[in-house]
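Single-structure report; data block below.
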Amino acid sequence: MEQELWTLTLKGDDIDAYNNRFHELDLMCPNLVPKKKKKVKRYIRGFPERIKGNITSSKPSTLH
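Note that this note's numbering has the sequence shown beginning at 2, numbered continuously upward.
Here you go:
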């Protein structure tokens, strides 16, 4: 599960599935990415390059 959290990426355009799986893995491995800021960075890293710029430009501080 830890490996999956580190390598999880968005598949196609199914953002809901990516969100759900990220949150499931985060709940199962809560100490793997304990700090909120690092968790947001890890979440963003799973998106394709064409989307990352749009997400990071809004400077998100939470996953909600």
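Quick reminder that beta carbons are idealized off the backbone N, C-alpha and C, glycines included. Since this is a predicted model, take the numbers as computed values, not measurements.
- 8 Å Cβ cutoff met for Tyr19 and Gly47: Position 18 of the sequence shown, counted from the first residue, corresponds to residue 19. Position 46 of the sequence shown, counted from the first residue, corresponds to residue 47. Yes.
- Item | Own chain, CB closer than 7 Å to Pro49, minus 5 neighbours either side, in chain order | Position 48 of the sequence shown, counting from 1, holds the residue named residue 49. Taken in chain order, the residues that qualify are Leu11.
- Item | Terminal residues of the alpha helix (DSSP H) in which Thr57 lies | As a position in the sequence shown, residue 57 is number 56, starting the count at 1. Per DSSP, Thr57 belongs to the alpha helix (DSSP H) from Glu50 to Ser58.
- Query: So the alpha helix (DSSP H) His24 belongs to, where does it begin and stop?
  - Reply: Locating residue 24 in the sequence shown gives position 23, where the first residue counts as 1. For His24, the enclosing alpha helix (DSSP H) covers residues Ile16 to Met29.
- Query: Given a threshold of 16 other Cβ atoms within 10 Å of its Cβ, counted over all protein chains shown, does Leu26 qualify as buried or as exposed?
  - Reply: As a first step, residue 26 must be located in the sequence shown, where it is residue number 25. Around the beta carbon of Leu26, a 10 Å sphere encloses 16 or more other beta carbons of the protein chains shown; the residue is thus reported as buried.
- Query: First and last residue of the alpha helix (DSSP H) that includes Lys42?
  - Reply: For the purposes of this step, residue 42 is identified with residue 41 of the sequence shown, where counting begins at 1. Counting along the chain, the alpha helix (DSSP H) containing Lys42 begins and ends at Lys37 to Arg46.
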